[in-house]
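Following: one structure in C-alpha cells, then a few remarks.
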Amino acid sequence: MEQAKIDLLVIEMQQGSEAAFKEIFDYFQPSLVRFSYKVCCNEQMAKDAVQNSWLKVTKSIGKLKDPRAFKSWLYQMVRWQSIDLVKKAANDPLEFTEQDASSVSQHTGVEEMQSSLLALINLLPEIDRQAIYLFYLEEMKIKEIATILSTPEGTIKSRLNRARNMLKVKIEQLGE
639 MEQAKIDLLV IEMQQGSEAA FKEIFDYFQP SLVRFSYKVC CNEQMAKDAV
689 QNSWLKVTKS IGKLKDPRAF KSWLYQMVRW QSIDLVKKAA NDPLEFTEQD
739 ASSVSQHTGV EEMQSSLLAL INLLPEIDRQ AIYLFYLEEM KIKEIATILS
789 TPEGTIKSRL NRARNMLKVK IEQLGE
C-alpha cells in the first residue's frame, strides 16, 4: 500500500471511520504478528501483543499528529507490548509456554531454504534479529527502524552489519 493511501486512511481513522480502520488493520495485521513473534518467540504472546496494540491505537489515534509516522508508531507500540508480555511471562512462567525459536518446519526447495534462513535469524541476539527482520522482511528504512527501536540510525546500521556478518558465518558453518 502506498504511503499516501496509508496517510489518508489514518486521517479517516482519526475522524472515526471504521472502514478505514478495517483496511489499515487488514493491511498491517499479518506483518505485525510476524514482527511481534520475532520479539517474543511465542505465537500466542505475539497475537496478544498485537491485539493490545490495536486497542491502544483505537484509543490514541487522535493524538497522532503526523499520519506519515503511523507505521513507525504502530510497530513501536507492538514492540513495547511484546516486551511487556515477555516480562510478564518471566514473572508468571505458567501463563505462557515458550516455543523453540529455532524449530523449523520441514518444506521442500525454496521454502526449506527460507525456513532455514529464518531459523538462523532467530539464533541472532534479539536486537539484531529485530533490525534484520524490519529491514529485510518488512522492507523498512533505517530511519523507521531507528524510530521503532528507539535507537540512533548509526547504531541500526552497525547492528545490521553485525547481524549480516553473523549470518554469513553461520551459513558458512552449515556448508562445511
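In our numbering, the protein residues as written are 639 to 814. Just so it is clear, CB atoms sit at the ideal spot from N, CA and C, and this is done for glycine as well.
If you look at P705, you'll find it isn't in any alpha helix (DSSP H); DSSP assigns it neither H nor E. Judged by DSSP in its simplified three-state form, P668 adopts helix. Taken through DSSP and simplified to helix, strand or coil, G813 comes out as helix. The C-alpha of I649 is placed about 38 Å away from the C-alpha of R800. Here the alpha carbons of S698 and G654 stand approximately 12 Å from one another. Looking at the backbone, the Cα of I662 and that of G813 are separated by about 42 Å. In the DSSP assignment, K694 falls within the unbroken alpha helix (DSSP H) covering 681-698.
Taking E791 as the centre and dropping the five residues before and after it, the same chain places the C-beta of I780, K781, A784 closer than 7 Å to its C-beta, in chain order. Here the alpha carbons of R672 and I759 stand approximately 13 Å from one another. DSSP, read as helix, strand or coil, puts Q653 in coil.
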